[in-house]
Ligand code: GLP
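Numbering (full-length UniProt numbering), first residue to last: 28 to 271.
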């Protein structure tokens, strides 16, 4: 759906999530939420915090799995996605600590493989992801699945594309400080989610949004795989929709 601005679009997304949480709560069931970082989802998280504070929306029955984390990355670093999620969402809601899952950026290299396999297993044991929130990178990456990621890829250690590192350079005060690798859920992990919502704002995303929605499905633009998902919606603003 196309909204006139990112605020309205974020409100729409936050409401979809909140409705599902409440629905599951009524049934006495858990909701498994896949979360993303970056500047795109922050407004939707702000609305979820607002719903918690003002309408009593509870996250006690919510289990979260984040898409990705830089590697290596200390949890308390200002650049970590752990810190990002705490600041933008988790510190302000009543989610249980043990229900929060984020790829671990502080492992020894030789332990990463086992961690990734466990991450996949944890998602499955939780019943699979009910709703996965996504942003999109200029390379067409979802999570950190860069061009070349296969449709069946699972959680793993990946090398970041130069374009992605350039886009992150200002946050890290220089390209040389941006990690070269990350742990990310795979395309296959994301595609297994029951529902996917991809958000994108601004003119800068318009070309990659067009590619993702209208371009041929291919590994060189991983977001194109979403065209084959049975329940995926793009929630974008008018600027991001301008090339469609
Ligand atoms: C990073 C994240 C992605 C995100 C992308 C876009 O690469 N790992 O999940 O979609 O940035 O970032 P932004 O939302 O700031 O445009």
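All C-beta atoms, glycine included, are put in the ideal place defined by N, C-alpha and C.
Helix, strand or coil for residue i? Go by DSSP, reduced to three states.
i: residue 135; result: coil
i: residue 111; result: helix
i: residue 264; result: strand
i: residue 271; result: coil
i: residue 235; result: helix
i: residue 105; result: coil
i: residue 165; result: coil
i: residue 32; result: coil
i: residue 128; result: strand
i: residue 255; result: helix
i: residue 220; result: coil
i: residue 225; result: strand
Taking C-beta to C-beta, are residue i and residue j nearer than 7 Å?
i: residue 159; j: residue 223; result: yes
i: residue 192; j: residue 235; result: no
i: residue 184; j: residue 139; result: yes
i: residue 102; j: residue 78; result: no
i: residue 266; j: residue 242; result: no
i: residue 182; j: residue 218; result: no
i: residue 47; j: residue 58; result: yes
i: residue 93; j: residue 120; result: no
i: residue 226; j: residue 64; result: no
i: residue 268; j: residue 40; result: no
i: residue 89; j: residue 122; result: yes
i: residue 38; j: residue 74; result: yes
Round the Cβ separation of residue i and residue j to the nearest angstrom and send it over; I've been treating them as touching at under 8 Å.
i: residue 261; j: residue 209; result: The Cβ separation is near 23 Å, so there is no contact.
i: residue 36; j: residue 264; result: 6 Å
i: residue 206; j: residue 97; result: 4 Å
CB of residue i to nearest heavy atom of the ligand FAD: below 6 Å?
i: residue 171; result: The ligand FAD is absent from the structure shown, which contains only the ligand GLP.
Complete beta strand (DSSP E) runs within the region 175-210 (minimum length 3 residues, chain order): Scanning the region 175-210 for uninterrupted beta strand (DSSP E) segments of 3 residues or longer gives 183-186, listed from N- to C-terminal end.
Every unbroken alpha helix (DSSP H) within the region 59-97, with a cutoff of 4 residues, ordered by chain: At a cut-off of 4 residues, the continuous stretches assigned as alpha helix (DSSP H) that sit fully inside the region 59-97 are 69-82.
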